[in-house]
Amino acid sequence: MTVAELIPWMPLIVACLTALAAFAGYAWNKKIDRKHALIEARRTAYRNYLSAFMAMSDSPERVEEIRRSFYQSEVELLVVGSDAVIKKVGKLSSFYAATNSDRWNRDASEVRRLVAEICKAMRADCFEASRLSTDEIQALVPIA
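Going by the UniProt record's numbering, the final residue of the sequence shown carries number 144, and the count climbs one at a time with no gaps.
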């Protein structure tokens, strides 16, 4: 085909290319929207988990209500949490299960370290970059 033979087809070719570009742009935009929605859902789930964990650590009253809230937050993590966060939460849960018989003498520094690792994994999941070390995060973990 020569250029002269393509001229009558030019409007159709331009329309098809425009439609293809619009579809590709729409698909790309939807992918970005889904990613941002997932990040927001994860942030909410991570805040809920940490709040429920702190309530479990702090409050001797309303134990059943707090425990239910904590378990719900763990289930929410299973749905939207990243693999790295779920693995870190699993380590903390395993530590709690292993030390449950002597929970009043549980190593608080190990709990702080495990919670700091969870927070670091959560930050890595929700922010494009975080240069905080586990030690810097651990210094802010409010567990005695």
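The C-beta atom is built at its ideal place from N, Cα and C for all residues, glycine as well.
No experiment lies behind these values; they were computed from the predicted model shown.
With a CB to CB cut of under 8 angstroms and the five nearest residues on each side skipped, what residues in its chain are close to S130? Only K120, R123, A124 meet the Cβ criterion.
Counted within 10 angstroms of its Cβ, other Cβ atoms place E61 as buried (16 or more) or exposed: By the neighbour-count rule (16 or more Cβ atoms within 10 Å), E61 is not buried but exposed.
Straight-line Cα distance separating L12 from G90: Distance between the alpha carbons of G90 and L12 is about 57 angstroms.
Residue from I143, C126, A116, F127 with nearest C-alpha to I137: I137 has its Cα closest to that of A116, out of I143, C126, A116, F127.
So, does the region 68-86 touch the region 44-55, judging by three or more C-beta pairs under 8 angstroms? Of all C-beta pairs linking the region 68-86 to the region 44-55, three or more are shorter than 8 angstroms, placing the two stretches in contact.
Could you tell me whether the Cβ atoms of L77 and V85 are closer together than 8 angstroms? Contact flag set, yes.
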